[in-house]
Amino acid sequence: MRKNILFIITDQQRYNSLGCYGGRIARTPVADRLAREGLIYRRFYAANTLCQPARSTVLIGQHPRTHGVFSNGIALPYDIDNVATLLAGAGYRTGLIGKAHFDPGMDPERKFKEHQMPAAGETGPYRGFEHVEFAWHAARGLPGQLLGHYGEWLARHHPEHLDSYASVLMSRPGGETGAPETHINPIPREWYHTDWVADRVISWLDTLADDDTWFLWMGFPDPHHPWDPPASERHRISWRDLELPEAWLEGEEAERVLGAKPAHWLAYYQGRWINAEGAPWTFRPSMLDADKVREINAMVHIMNELIDEACGRVLAEIERRGWKDRTDVFFTTDHGELQGDYGFVFKGPFPVDALMRLPLIWRPAPAAQIEPAEIVEPVSQVDLAATFCSIAEIPVPEWMQGEPLPTAPGTQRRERAICTWDSHLSGYGMHYATIYRDGWLCTAYEPSTKGQPTGVETFLSTYGLGDGPQSSITYEGTEGELYNVEEDPRQFVNLWDDPGYRGTRDDLVADLRDHLPPRKSPALPVVSLT
């Protein structure tokens, strides 16, 4: 009998947030147990540090530049094959519950199915999934529309909590310290979206026969901002007791470290550049101080604990149904979070481990008799779809650019992982590509294309946003970043212009360019902002 696949994906979670990756604050016994029983990948890299491109890569098995969702706000075409369509065609029951984000998130006119279907009471089919129930980071979006099946559910059953969540992407101060996107959320824990996702997963599993074979995408909206777990859970971790992140920077040290990186780093810190493609447009790093970062991080740790407990409930249900011995379980995220590193929060065009390096745990079905192992070779999100095909015993199609993940150290020749960034705002036009290889992170910037239309102009004008924000930084294509991640785990020392490392830099850049994925032509238009 073929194996089931439970794919757990969180949103914007750091690799070192889990105990099995060195985390010392959040208690994550469920994920840690999966790691002990299975495979833990120490160098797993995102294909992009934004939600939509990374998630589309997981679904399709292609790099963002190839499948065309190179940034947020781009509609992934509905008529293309992906791993869910392949597994459904092979007889798998397929479900997606929680956050998907293959369609643009900002969709006031409900042009896309992730917003149409919940309003119409529909739960499938969608992109190869026979059953879907969507959840976002809040119950309402802009301008007040209900978000996902979760928003619709809350409106029907607990309307008094529709506005209990913080406003998304507004960087409003809140919590106890006035930290941006932080909020004291009065919603009871059992109605919070993390527990709702677990509840709906268990309900869907209960509709399946014992001998069904299934693939389930379980997507948690947390620990992505806004940082507003239920107020009843704030006692778990006191922000006052937290240390600052090891890579926290301020004052003269921040000026020195960031000044040696490409220009947008220091300009962002000084308020001269807006991170409009990775953070709320109104956010400035000057809004942070040590206590605000502590409170944000405390909320993140609490959100991570709630996710771990929700996963434990689902795994207990799988064991109760007698499926444990034939169920492969994956735990990962789409991209990381700065969480105070360098004096920043959120994400964006910052090619460092805080955003690109991710947790990945694979607990193979016990019946597969794969020995627990720690894999140090670099692997990528582009490999997940091929791995799911391999588990399902179906051929990996030629259009997938990844390959099944190694199940033991040294069994495959894995040399590199590649992550790319391409702007969706024509007022920015930033492009770069990063390679991880042999303990080095090397990023080569490409000439800026500021002013070249991407399609987002129509959306901006429709909603009275003019030309949108404009970058104060342009790049010639000679800039870059080079870090020895073993000697410099915080990526503080940029060796790009150091003559002593010119040979290393040139070798890595040549390797990167030799392995860059081809770009989709013509490019898909940008139709929204998120």
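Residue 530, in our numbering, is where the sequence shown stops; the numbers in between run on with no holes. Ideal placement from N, C-alpha and C gives every residue a C-beta, glycine not left out.
Query - Minimum C-alpha distance to Y428 - residue among D11, V527, M299, E277 - result: E277
**Report entry** Cβ-based burial, M1 [other Cβ within 10 Å; buried from 16]
**Finding:** exposed
Query raised in the report: Can you name the start and end residues of the alpha helix (DSSP H) that L205 belongs to?
Result: 193-205
Query - Minimum C-alpha distance to T530 - residue among T207, R189, N16, F70 - result: F70
Query raised in the report: Rounded to a whole number of angstroms, what is the C-alpha to C-alpha distance between T407 and W214?
Result: 22 Å
Query - Assigned secondary structure, V132 (DSSP; H/G/I helix, E/B strand, else coil) - result: strand
Query - CA nearest to the CA of A510, picked from R416, P447, Q491, C20 - result: R416
**Report entry** Cut-off 8 Å between Cβ atoms - residues of its own chain near R36, not counting five sequence neighbours on either side
**Finding:** C20, P372
Query - DSSP state of S286 mapped onto helix, strand, coil - result: helix
**Report entry** Cut-off 6 Å between Cβ atoms - residues of its own chain near H225, not counting five sequence neighbours on either side
**Finding:** E181
Query raised in the report: Around the Cβ of Y483, are there at least 16 other Cβ atoms within 10 angstroms (buried) or fewer (exposed)?
Result: buried
Query raised in the report: Measuring CA to CA, which of R326, P186, L6 is closest to H158?
Result: P186
Report task. Please classify S238: is it buried, with 16 or more other beta-carbons within 10 angstroms of its beta-carbon, or exposed? Result -> exposed
Query raised in the report: Opposite C419 in the DSSP bridges: which residues?
Result: T434
Query raised in the report: Can you round the beta-carbon distance between T49 and V382 to whole angstroms, since I take them to be within the 8 Å contact cut?
Result: In fact, because the Cβ distance is near 14 Å, the residues do not count as touching under 8 Å.
Report task. Keeping to the same chain, check which residues put their C-beta closer than 6 Å to that of T387; ignore five residues upstream and five downstream. Result -> P404, L405
Query raised in the report: For R513, is the classification buried or exposed, using 16 other Cβ atoms within 10 angstroms of its Cβ as the cut-off for buried?
Result: exposed
Report task. Give me the Cβ distance between D353 and V485, rounded to the nearest whole Å; I'm assuming they're in contact under 8 Å. Result -> 6 Å
Requested in this report: Take Q412 and list the residues in its own chain whose beta-carbon comes closer than 6 Å to its own, dropping the five residues that flank it on each side.
Outcome: P406
Query raised in the report: Looking only at its own chain, which residues have a Cβ that is under 8 Å from the Cβ of G439, when we skip the five neighbours before and after it?
Result: N484, V485, E486
**Report entry** Given S171 as reference, the closest of G464, R284, Y436 once Cα atoms are compared
**Finding:** R284
Query raised in the report: Alpha carbon to alpha carbon, what distance is there between V132 and I97?
Result: 5 Å
Query - Cβ-Cβ distance between R357 and R156 below 8 Å - result: no
Query raised in the report: Alpha carbon to alpha carbon, how far is R536 from R437?
Result: With the chain covering only 1 through 530, there is no way to say anything about residue 536.
Requested in this report: Counting only the same chain and skipping the five closest in sequence on each side, list residues whose C-beta sits under 7 Å from that of T194.
Outcome: F220, D222, L306, I307, A310
**Report entry** Rounded separation between V493 and E317 - CA only
**Finding:** 48 Å
Requested in this report: Use the C-beta contact count for Y78: other C-beta atoms within 10 angstroms, 16 or more gives buried, fewer gives exposed.
Outcome: exposed
Requested in this report: Measure the CB-CB distance between L216 and G95 and report whether it falls below 8 Å.
Outcome: yes
**Report entry** beta strand (DSSP E) runs wholly inside the segment 354-381, at least 3 long, in chain order
**Finding:** 360-363, 373-375
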